[in-house]
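Student:
Protein chains: 2
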Amino acid sequence: MTRFHLPEDQIPTAWYNVTPDLPEPLQPPLHPATREPVGPDDLAPLFPGALIAQEVAAERWIDIPGPVLDVLRLWRPTPLVRARALEEALGTPARIYYKDESGSPAGSHKPNTAVPQAYYNAAEGVRRLTTETGAGQWGTALSFACTRFGLDCKVYMVRASYDQKPYRRVIMETWGSEVVASPIDDPGHPGSLGLAISDAVRDAAGRDDTHYALGSVLNHVLLHQTIIGLEAKAQLELAGESDGPDVVLGCCGGGSNLGGIALPWVTDSSVRLVAAEPASCPTLTAGRFEYDFGDTAGMTPLLPMYTLGHDFVPPAIHAGGLRYHGDAPIISALVHAGRMEAVAYPQGKTFEAAVQFANTEGKLPAPEAGHVIRAVIDEALAAKELGEERVLLFNFCGHGFLDLAAYDDYLHGRLVDA
Amino acid sequence: MTRFHLPEDQIPTAWYNVTPDLPEPLQPPLHPATREPVGPDDLAPLFPGALIAQEVAAERWIDIPGPVLDVLRLWRPTPLVRARALEEALGTPARIYYKDESGSPAGSHKPNTAVPQAYYNAAEGVRRLTTETGAGQWGTALSFACTRFGLDCKVYMVRASYDQKPYRRVIMETWGSEVVASPIDDPGHPGSLGLAISDAVRDAAGRDDTHYALGSVLNHVLLHQTIIGLEAKAQLELAGESDGPDVVLGCCGGGSNLGGIALPWVTDSSVRLVAAEPASCPTLTAGRFEYDFGDTAGMTPLLPMYTLGHDFVPPAIHAGGLRYHGDAPIISALVHAGRMEAVAYPQGKTFEAAVQFANTEGKLPAPEAGHVIRAVIDEALAAKELGEERVLLFNFCGHGFLDLAAYDDYLHGRLVDA
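Chains as they are written, first to last, in the working numbering: chain A, 28 to 445; chain B, 28 to 445.
1. I'd like the span of the beta strand (DSSP E) that includes A/W88, first residue to last.
2. Would you kindly work out how many angstroms separate the C-alpha atoms of B/A324 and B/A141, rounded to a whole number?
3. Would you say B/C278 and B/E395 are within 8 Å of each other, going by their C-beta atoms?
4. Rounded to whole angstroms, what is the Cα-Cα separation between A/P342 and A/L438?
5. Do B/E304 and B/A1 have their beta-carbon atoms positioned less than 8 Å apart in this structure?
6. State yes or no: is the beta carbon of A/P132 nearer than 8 Å to at least one beta carbon in chain B?
7. Shortest alpha-carbon distance to A/T294 belongs to which of A/R366, A/L178, A/D430, A/V418?
8. Is DSSP giving B/V418 helix, strand or coil here?
9. Against chain A, with Cβ distances strictly below 8 Å, would B/K126 count as a contact?
10. Using DSSP with H/G/I as helix, E/B as strand and the rest coil, what is A/T40?
11. Buried or exposed for A/V95, please, with buried defined as at least 16 other CB atoms from any protein chain shown within 10 angstroms of its CB.
12. Please compile the residues from chain B whose C-beta is within a distance smaller than 7 Å of the C-beta of A/L429.
13. Using the rule of at least 16 other Cβ atoms within 10 Å of the residue's Cβ for burial, across every protein chain shown, is B/S135 buried or exposed?
14. So the candidates are A/R30, A/P56, A/L361; which of them puts its Cα closest to the Cα of B/P104?
15. Compare the Cα-Cα distances from A/P106 to each of A/F378, A/A240, A/G256, A/D48 and report the closest residue.
16. Expressed to the nearest angstrom, what Euclidean distance is found between the alpha-carbon atoms of A/R14 and B/V244?
17. Between the stretch 159-168 of chain B and the stretch 81-91 of chain B, are three or more C-beta pairs nearer than 8 Å?
18. If you follow the alpha helix (DSSP H) that A/F320 is in, where does it begin and where does it stop?
19. Could you tell me how far apart the beta carbons of B/K260 and B/P291 are, in whole angstroms, since I believe they sit closer than 8 Å?
20. Please report whether the beta-carbon of A/F171 lies at a distance below 8 Å from any beta-carbon of chain B.
21. Looking only at its own chain, which residues have a Cβ that is under 7 Å from the Cβ of A/L311, when we skip the five neighbours before and after it?
22. What are the start and end residues of the beta strand (DSSP E) that includes B/A303?
23. Starting from B/N386, find everything on chain A with Cβ-Cβ shorter than 7 Å and list it in chain order.
24. May I have the straight-line CA-CA distance separating A/A116 from A/V275, to the nearest angstrom?
25. If I follow the unbroken alpha helix (DSSP H) through B/R197, where does it start and stop?
26. Within 8 Å (strictly less), CB to CB, does B/V197 reach chain A?
27. Within 10 Å of its beta-carbon, does A/M28 have 16 or more other beta-carbons around it, so buried, or fewer, so exposed?
28. Using CA coordinates, which residue listed in B/T174, B/P138, B/T167 is at the minimum distance from B/R154?
29. Which whole-angstrom value describes the C-beta separation of A/L169 and A/A150, a residue pair presumed to lie in contact below a C-beta threshold of 8 Å?
30. How big is the Cα-Cα spacing for A/L241 and B/C308?
31. Compute the distance between the beta-carbons of A/L57 and A/Y318, then report whether it is under 8 Å.
32. Mind checking who A/C180 pairs with in its DSSP beta bridge?
33. May I ask you to report which of helix, strand or coil DSSP gives A/D127?
34. Would you say B/K390 reaches chain A, if we count a Cβ-Cβ gap shorter than 8 Å as a contact?
35. Closest Cβ-Cβ distance between A/H32 and chain B: below 8 Å?
36. Can you list, in chain order, the stretches of the alpha helix (DSSP H) that have 4 or more residues and sit fully within the stretch 354-415 of chain A?
Take a look at the structure:
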């Protein structure tokens, strides 16, 4: 067997909240002006009450609302796939499984949180959402989700992506969103996620009918993504892997897809957890663990996380997404406590891995996914070297059909490593 | 239930050959010079013996070789999906099912025949394949298949697509193919499928190590695509639709995806079969049923089919694929005998349908698929008008992630109807 389908009636009906199970308690976010812990009232201009409650929830399981499940079931449960062709090409005794999140409307894992975020906002009477997008995955996902719940959506897109990825703009427009290049006040600036967040937050804070939605980093975002790992747990049983995985891996930008696949294994100390990040934006491997702003302008609360500094802008040559200066506080806490490992790769090595995956498994990875595939291949080759059976599980977070300009650069020698 | 997965061990292990079950016998292809029926020797410079045998096979079932199944299982069986969100939006009593072929490596149904074609060629010692591609779906599929069987591949790409769809070129190059714009001898010409076929056939005919591969039209191509309809039959049982569909629909360019979904129902006279084609290339609805060349230069055998003339070039404004001047002899015979209906749509109506599908079902259709979705929506609205339950089955032949320039034109009013 190659692909393992979880029956539709076994879709998880609750998300897993890891915060009570973290090895170190999470430090609270701080108000940007007072540097005191933020309360629900501070967040109310940007987020609906349900998401604010999830952000600080202490219970381990949070029910998924029925209308959210109804939309998620358009593509979930997603398949768990045994990468037999890749295993054969590597000659490894490792058994490699991946969760295929590329079949969602947006082609990535991002709709897993876009859908509940749109739902909770609509349920509390919000009419319009703003957000930022870098590579475009998140804006695409939120655009789709807003369509399903009748919300207007405005996307501030990092200008470098806006210019280089017109197809990303078009797909967001197809789902009815308004898309503008960010920073809006400096047409000569290539932009960054931090700047785009500032634009989107400023817009939402200035209008009563509008909230803001974030695609990664925050606790409620990682919470929603745990449906990936929860499904994978049940599917590994179907695959006969009742001992579970030895290593769980994900690429890491803000941390949401990594959290989604990895958090359900945090309490199982026999499972190694691995974050793969780009060498040109090496937050976990070279950043500092400290309070920093989520955005560049310093409008968001201060978050306890690994950070390269909120004014960090990754090199323009970097094609592989994962460009955020910080990381999710939950992911940062796991790395800080030694529960999760982190590795960084130059982009040439990640595209090499992505092409090997496309040539064997037949799926074209998003450049972000190339990072985790690099890590998986290295783990599988290490297992071969040691003659060890090893069960590897990773999240195939998205396809690369909208990222072919980066492949073009790679294939024709125009990619350089920072 | 929304999605119906056929267990992997129930993947069809034989293709269905419709030719003995056609209402009128197929007329043979004729030699372009002598106008006598072509024999196997005439085709040997272009095709391997196994495919030539399949082209004229009389038995109903032909085994799928194990190495072909091993590759098809990377993504097959594909899901059968109940389009509940679309049904709700239309308020129709019709039950709409679609076979989702968009999850293949190339994002379309085309690899279903690319894989066996590459296999049979490799098995007979061929080292290199040439082909043409228009919208890019077929060239992408063959590039992937050649990688799996160690063949070199050269793709002659219709120049208009080559210029407008650089991402299509890149994905073929990612899978190792050489891609050139066609016609190769006239850089000012926008090209056509017929011209690109001429280029590819000329290349293959001139080299001993090289064969040619065609992505549609021929009997063996439709044969390989029947795996779609065979899976769908089993999946409709899983869905509780043991009476089968009332209508089976597919879009039609050369006829391979339509044949794939529809041929297994030819002998069931209670099932209506419907072809949806573009009004700007209306082969079945406005063409003549006669012998014509498959290519523009007149190098291929003459085929008995509906045709707009082998020198037909569709208007450059047409964005929706399906630009071939002729149609598969099998499809043509079914239409000619009255067993299959055909409808033609202007492209604006097909993009309107595609956007409605994206907004409800969350999948972005290829422009080709927009044609069949238009037909399905019209059937579902007719069922609503009549207050009739009606089971509709169609083939979602591919996603539109590589066709967003056409959506951009549609959304911004730049598409006109011929």
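Glycine included, every Cβ here is placed at the ideal spot set by N, Cα and C.
Here the structure is a predicted model, which means the values were calculated and not measured.
Tutor: In short, the structure shows the following:
1. Segment 88-90, the beta strand (DSSP E) holding A/W88.
2. Between B/A324 and B/A141, the alpha-carbon positions lie close to 24 Å from each other.
3. Contact flag set, yes.
4. 20 Å
5. Residue 1 of chain B is absent from the structure shown; chain B starts at 28 and stops at 445.
6. yes
7. A/R366
8. Strand, per DSSP.
9. Cβ-Cβ to chain A under 8 Å: no for B/K126.
10. DSSP places A/T40 in coil when its eight states are reduced to three.
11. buried
12. Chain B residues near A/L429: F428.
13. B/S135 comes out buried.
14. For the residues A/R30, A/P56, A/L361, the minimum Cα distance to B/P104 belongs to A/R30.
15. A/G256
16. Past the boundaries of the shown model lies residue 14 of chain A; chain A is included only from 28 to 445, so the question cannot be answered.
17. The stretch 159-168 of chain B, when compared against the stretch 81-91 of chain B, does not touch it at the 8 Å Cβ threshold.
18. Taken as a continuous stretch (DSSP letters only), A/F320 belongs to no alpha helix (DSSP H), being part of the beta strand (DSSP E) at 315-320.
19. 6 Å
20. yes
21. Closer than 7 Å at Cβ, skipping near neighbours: C279, A302, E304, Y333, D354, V362, A369.
22. Where B/A303 is concerned, the enclosing beta strand (DSSP E) stretches over 299-305.
23. T174, W202
24. 21 Å
25. Per the sequence shown, the amino acid found at residue 197 of chain B is Val instead of Arg. B/V197 -> alpha helix (DSSP H) spans 193-201.
26. yes
27. exposed
28. It is B/T174.
29. That belief does not hold up - the Cβ atoms of A/L169 and A/A150 are roughly 16 Å apart, past 8 Å.
30. 45 Å
31. yes
32. In DSSP, A/C180 forms a bridge with A/L156.
33. strand
34. yes
35. yes
36. Within the stretch 354-415 of chain A, the complete alpha helix (DSSP H) runs of at least 4 residues are 356-363, 374-388, 394-413.
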